[in-house]
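> When we follow our numbering, the leftmost residue of the sequence shown carries the number 2, and every step to the right adds one.
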Amino acid sequence: MPIHTEICDLIGIKHPIIQAGMGPFTTVKLAAAVSKEGALGVVSQCGGPHYEKYRDKTHVEVMADAIEETNKNTNNIFGINVRVPKTSDDAKNVVDYVVDAVESDSKLAKKLRVVITSAGDPLQEYLKKIKKAGMIHLHVAAAVSHAKRVERAGCDAVIASGYEAGGHLALKPVHTFVLIPEVIKSVNIPVIAAGGMCDGKSLAAILIMGGAGVQMGTRFIATSDSDFKDCYKESFLEGKMSDTVVMEGFLSPHCRYLSNPWTEEFVKVIEAGATDEEKLQFKVQGRINAAEVGDKDKGSMLCGMCVGRIHEIPTVKEVINQVINEAEELLRTRPNAVLKG
Numbered sequence: 002m003p004i005h006t007e008i009c010d011l012i013g014i015k016h017p018i019i020q021a022g023m024g025p026f027t028t029v030k031l032a033a034a035v036s037k038e039g040a041l042g043v044v045s046q047c048g049g050p051h052y053e054k055y056r057d058k059t060h061v062e063v064m065a066d067a068i069e070e071t072n073k074n075t076n077n078i079f080g081i082n083v084r085v086p087k088t089s090d091d092a093k094n095v096v097d098y099v100v101d102a103v104e105s106d107s108k109l110a111k112k113l114r115v116v117i118t119s120a121g122d123p124l125q126e127y128l129k130k131i132k133k134a135g136m137i138h139l140h141v142a143a144a145v146s147h148a149k150r151v152e153r154a155g156c157d158a159v160i161a162s163g164y165e166a167g168g169h170l171a172l173k174p175v176h177t178f179v180l181i182p183e184v185i186k187s188v189n190i191p192v193i194a195a196g197g198m199c200d201g202k203s204l205a206a207i208l209i210m211g212g213a214g215v216q217m218g219t220r221f222i223a224t225s226d227s228d229f230k231d232c233y234k235e236s237f238l239e240g241k242m243s244d245t246v247v248m249e250g251f252l253s254p255h256c257r258y259l260s261n262p263w264t265e266e267f268v269k270v271i272e273a274g275a276t277d278e279e280k281l282q283f284k285v286q287g288r289i290n291a292a293e294v295g296d297k298d299k300g301s302m303l304c305g306m307c308v309g310r311i312h313e314i315p316t317v318k319e320v321i322n323q324v325i326n327e328a329e330e331l332l333r334t335r336p337n338a339v340l341k342g
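(1) Pair every Cβ in the stretch 227-247 with every Cβ in the stretch 291-299, then say whether three or more of these pairs are closer than 8 Å.
(2) Indicate whether the contact test is met: 3 or more Cβ pairs, each with one atom in the stretch 319-330 and one in the stretch 198-205, closer than 8 Å.
(3) Report buried or exposed for methionine 2, applying the criterion of at least 16 other Cβ atoms within 10 angstroms of its Cβ.
(4) Look up cysteine 1 in the DSSP assignment and say whether it is helix, strand or coil.
(5) Where does methionine 306 fall in DSSP's three states?
(6) Under DSSP, the alpha helix (DSSP H) around asparagine 74 begins and ends at which residues?
(7) Does the stretch 162-176 come within contact of the stretch 102-113, defined as at least 3 CB pairs closer than 8 Å?
(8) Relative to the ligand GTP, is the shortest distance from any of its heavy atoms to the C-beta of threonine 59 smaller than 7 Å?
(9) Going by DSSP, what residues sit across from alanine 194 in a beta bridge?
(10) Please list the terminal residues of the continuous beta strand (DSSP E) segment that includes alanine 142.
(11) Give the list of continuous beta strand (DSSP E) stretches no shorter than 3 residues that lie fully inside the stretch 218-286.
(12) In terms of residue numbering, what span does the alpha helix (DSSP H) encompassing valine 96 cover?
(13) Tell me the residue span of the beta strand (DSSP E) that contains threonine 118.
(14) Taking only three categories from DSSP, how would you classify glycine 168?
(15) Which residue comes first and which comes last in the beta strand (DSSP E) that contains glutamine 20?
(16) Per DSSP, what are the beta-bridge partners of leucine 41 in this structure?
(17) Could you check where the beta strand (DSSP E) with asparagine 82 kicks off and where it finishes?
(18) Among residues of its own chain, excluding the 5 on either side of methionine 23, which ones have a beta-carbon nearer than 6 Å to its beta-carbon?
(19) Determine the direct distance from the alpha carbon of leucine 139 to that of glycine 80, and round the result to whole angstroms.
(20) Just to check my reading of the structure: histidine 60 and asparagine 82 have Cβ atoms closer than 8 Å, yes? What is that Cβ distance to the nearest angstrom?
(21) Is asparagine 72 buried or exposed, if buried means 16 or more other CB atoms sit within 10 Å of its CB?
(22) In this structure, does DSSP put cysteine 9 in helix, strand or coil?
(23) By the three-class DSSP mapping on this structure, what secondary structure does glycine 210 have?
(24) Between which residues of its own chain and isoleucine 12 is the CB-CB distance below 7 Å, once the five residues before and five after are set aside?
(25) Cα-Cα, which of Ala102, Ser243, Lys87 and Asp106 is closest to leucine 124?
(26) Measure from the C-beta of valine 192 to each C-beta in chain D and report whether the shortest distance is under 8 Å.
(27) Going by C-alpha distance, which of Lys133, Pro315 and Glu69 is nearest serine 227?
(28) Are the CB atoms of threonine 27 and cysteine 9 within a distance shorter than 8 Å?
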C-alpha cells in the first residue's frame, strides 16, 4: 500500500515530502522538479542589493518572477517560503502580493496553494490573510512553545525543525528526535519533521512517531535538478556528519554551515574583533561566492548534518522514489520483525 498521510490530503500532494525553502536561491528549478514528482516544491524568498542578479529588483519582483517561472514548469501544486521577522517590511509586501495574485488568477490559485512562513512570529496580524485567501499556511518552529504559537495562529500544520538542520537555527539546541515527539504530543495539527531528514529511514521513523511527513533541504540541494552551483553540490559529497559548524548567520546568531576555508576565515574575523558591519560584509561576500561565483572555498555553504549521508547527486525523481520505496519497505517489514507473539 502506498504511503498517504493527512498532509497529502491537506495540500493535495501524492507524497508526504516537502522541499525546504533555501535562499539565497529562489529554487525555481528545484520547486518545479519536486512538484512534478508529487511532493511539495517550494519557491524560496530571495532578493536584496547584495546579489547582482536581484540588485535592481524588490523582493516582490523577484518572487513574482519566480512564481511565474515555476507556474510555467509544473502542472502540480507548489508553494512559497517567506521569512517573517518583525523587523522586515519585505515579508508583508511579499505576502500581500501572493494573496492578491491568487485571488485575481483562479488558475494560479489551483497550483500555488501553500505559504510556508519561517524565522518569525506566526501570530503577526498580516499573516491572517493567507488563510482568508483560501491558501494553506504552514509555519516552521524549532521549539514546543513555538509550535503551540503556530497552532494558536490557526496554521494548518507545523514544520518542527530540529537542530540538525542547515541554515538558521533556534537559539537553544533541541535535536530532531527529541523535539518531534514532544511537538506531536503538544499540538492538535499535523506535524512535519525537518532537520536531518534525507531518506526513507527518516520518513518511516517520523511516521511511526505520529508525524505527517518530512521536509528535506540538504538532500534536495544535492540533486541534478537543483538551482545550486555544481561546486556547492559536489562539496556535499566530501562532507562527513561532523563536518558542519554552527556560527553567526544573517537572521540568527546560530546558523549551520559546511566547514570549509570560509568558515575558518570567519572565525578569525570574529576573533579579531570585527565590527557588525565588517562581519555582515564578510557574510555577504560568502553568500555571493557560493551563489553567484561558485567558489566552494570562499563561499558559505549552508547545509544540515545529514550531509554526511549524501554520497551521490541523483535527479529529484530518483530521490523521491528512493525515499518512498525505502520507507514503504521498512513500514511493511519491520513490524513483523520486531512484534512477536
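Each residue gets a CB set at the ideal place from its N, CA and C atoms; glycine is no exception.
Taking the definition as stated:
(1) yes
(2) yes
(3) exposed
(4) The chain is shown from 2 up to 342; residue 1 falls before or after that span and cannot be answered.
(5) helix
(6) 60-74
(7) no
(8) Looking for the ligand GTP in the displayed structure turns up nothing, as the structure carries no ligands at all.
(9) Ala161 and Val215
(10) 137-142
(11) 245-248 and 256-259
(12) 91-105
(13) 113-119
(14) strand
(15) 18-20
(16) Ile19
(17) 79-84
(18) Ser45 and Gly218
(19) 10 Å
(20) That pair is no contact at about 12 Å.
(21) buried
(22) helix
(23) The displayed chain sequence assigns methionine, not glycine, to residue 210. Reduced to three states, the DSSP call for methionine 210 is helix.
(24) Leu41, Ile78, Arg114, Val115 and Ile137
(25) Lys87
(26) Within the model displayed, chain D is absent; a lone protein chain is all it includes.
(27) Pro315
(28) no
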